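Engineer: First the structure, which I've put down as structure tokens, then a few questions once you've had a look.
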Amino acid sequence: MFTQIKKHKYFYLAVGIVVLILAFNIFTAYRRLIPEPIFLEHYYEGYYEHFYDRFFLEYIDNNNSNKNISNVYFPEVNIKLFAEPYYEYNYNYYTHKIVNFPLAVSKDDIFFDLEKVELNRAIISYTDSSTQEVDLGRIILYREKKETQGLIPIVSHVGLPKERSENSYEIDGEILVKDIQADLQEQLSDIIDMDVNTLDNNISINMAVLKPDDERKFNVYDICYHMVYKNMGGETYIIPLGPVGYNPFFTEEEIMRYVKYNKYSRKQLLLKEQ
């Protein structure tokens, strides 16, 4: 009899421990939930043709979230882009997921009579009718490539992964290279490494994205530099280079650290506004 009572005590004790562990896990998972999606910072720069007819944005959301993006409105330039859920894909983690969703890009809808647009501050509309205002970073799109003369492409290679690119040209006649530049160059000067070599009638430009060792390693980069040069007639031409890019890779621990960092940054911003 005593042995049976003892067995029952151990049984109930074991059940109690299991219940406590389950309750702790549920509480921990609940504490990790985020009230709204967290968008990664995106630094895009390139010609419309570089992004074809869509480009991807990434955000972190709860694994159990069922809402999807309907459209993204950029109030600074009065442009609305619609999501293409067919091309969306996710990376699932324990509590969160990283969502890669594409926006359809139409040259006629975006540029009108503009040569360049910046898509930064955005209002996200979801399928559940909720909205969210976010700062996406800096997204710069140019209308189209400009006609070039005096350079014959030899190699235009984007490495795999896409952190590296090589562009080589044969110089047809005499040209003067004025600059190799990008609007994001100053902002990303310590992230993108560039090497320019000239030999006889050839010029070679090699670029690479250096992985940051701070919180910027969680940003998304996709940059298309362009070379500005003059021919002997004094005419100025622009030729696009690259592109080079970088997409962050998250571990479970890094996801939690990034979410925690983002929550802290938002809290500090709210305190400043008060």
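Heads up, the final residue of the sequence shown is numbered 274 in UniProt numbering, and it's a clean run with no missing numbers.
Yeah, the Cβ is synthetic: ideal placement off N, Cα and C, and Gly gets one too.
Quick caveat, the model's predicted, so the values are computed rather than measured.
(1) For V228, collect the residues of the same chain with a Cβ closer than 6 Å to its Cβ; drop the 5 residues on either side in sequence, then sort them by chain order.
(2) Excluding sequence positions up to five away, which residues of its chain have a Cβ less than 7 Å from the Cβ of F69?
(3) Please report how far the alpha carbon of E252 lies from the alpha carbon of I98, in whole angstroms.
(4) Excluding five sequence neighbours on each side, which residues of the same chain lie with their C-beta closer than 6 Å to the C-beta of K116?
(5) Just to confirm, are V77 and A122 a CB contact at a threshold of 8 Å?
(6) Could you spell out the range, first to last residue, of the beta strand (DSSP E) harbouring G137?
(7) Using the DSSP secondary-structure output, state which residues sit across from N231 in a beta bridge.
(8) Please look up how many angstroms separate the CB atoms of E163 and Y93, rounded, as I've assumed it's under 8 Å.
(9) Suppose you measure from the CA of D193 to the CA of D61; what does that come to, to the nearest Å?
(10) Within 10 angstroms of the Cβ of A233, are there 16 or more other Cβ atoms? Answer buried if so, exposed if not.
(11) Where DSSP assigns a beta bridge to A83, which residues make up the other side?
(12) With a Cβ-Cβ cutoff of 8 Å, do N219 and L40 count as a contact?
(13) Considering only the beta carbon of each residue, do I38 and N262 sit closer than 8 Å?
(14) I need the straight-line Cα distance from N206 to I171, nearest angstrom please.
(15) Thinking just about the alpha-carbon of each residue, which of T131, D183, L241, E174 is nearest to the one in K230?
(16) Under 8 Å between the Cβ atoms of H96 and I255?
(17) Which residue wins for smallest C-alpha separation from D200, given the options Y87, S168, Y89, V209?
(18) From the DSSP output, read off the bridge partner residues of F39.
(19) What does the alpha-carbon distance come out to for the pair K67 and H226?
(20) Applying the criterion that 16 or more other CB atoms from any shown protein chain within 10 Å of the CB defines a buried residue, is F58 buried or exposed?
(21) Buried or exposed: where does Y44 fall if 16 or more other Cβ atoms within 10 Å of its Cβ makes it buried?
(22) At the level of alpha carbons, what is the spacing between D213 and P248?
(23) Can you grab the Cα-Cα spacing for the pair K260 / T236, in whole Å?
(24) Run the CB neighbour count on Y48, radius 10 Å, all protein chains shown included, and call it buried at 16 or more, exposed below.
(25) Taking C-beta to C-beta, are L184 and R138 nearer than 8 Å?
Structural biologist: This is what the structure holds:
(1) K178, D179, I238
(2) Note on identity: in this sequence residue 69 is Ile, with Phe being the wrong assignment. Excluding positions up to five away in sequence, the list reads A83, F101, I124, Y126.
(3) 11 Å
(4) Y142
(5) no
(6) 137 to 142
(7) I175
(8) So it is not a contact: roughly 24 Å between Cβ atoms.
(9) 33 Å
(10) Looking at the sequence shown, residue 233 is not Ala but Gly. Answer is exposed; the Cβ neighbour count stays below 16.
(11) L103
(12) yes
(13) yes
(14) 17 Å
(15) E174
(16) yes
(17) S168
(18) Y59
(19) 39 Å
(20) The sequence shown places Glu at residue 58, rather than the Phe named in the question. Label assigned to E58: buried.
(21) buried
(22) 12 Å
(23) 49 Å
(24) buried
(25) yes
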